[in-house]
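Residues 15 to 90 in my numbering are what the sequence shown spells out, letter by letter. Note sheet for the following structure.
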Amino acid sequence: MHNFPRPSTPAVSVERDPVDGVCPECGASQLASYRVLSEGGWWQVVKCQQCLACVSRSPGPLFGAYVPLSSMLQGD
Ligand SMILES: [Zn+2]
């Protein structure tokens, strides 16, 4: 009776949106945008899937979803 120790751990996958453009580090056109939990909370990052260079990083929508209404106010 053979019991194959098959690891049932699925590949960790997060939602990755392909991004147009090329990596400034390796030149690969494999940029993807996704969220990561890092210092300060969630960040929306764009990383090269080839060399994992971080192309851009901005606060994630969970903490940065505020829309300043001041743009609608026109003083003076
Ligand atoms: Zn790259």
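Heads up, the beta-carbon is just placed ideally off N, CA and C, and yes, glycines get one too.
Asked	Found
Determine the direct distance from the alpha carbon of leucine 66 to that of glycine 78, and round the result to whole angstroms.	Residue placement at glycine 78 cannot be trusted, given a pLDDT of 47 that sits under 50; what the coordinates show is reported in the next sentence. Rounded to the nearest angstrom, the two C-alpha atoms are 24 Å apart.
By the DSSP assignment, the beta strand (DSSP E) with glutamine 58 in it spans what residues?	55-62
If we ignore side chains and look at the alpha-carbon of each, how far apart do glutamate 29 and phenylalanine 18 end up?	31 Å
What does the alpha-carbon distance come out to for the pair valine 69 and arginine 20?	36 Å
Check the DSSP bridge columns for aspartate 31 and list the partner residues they point to.	Ser47
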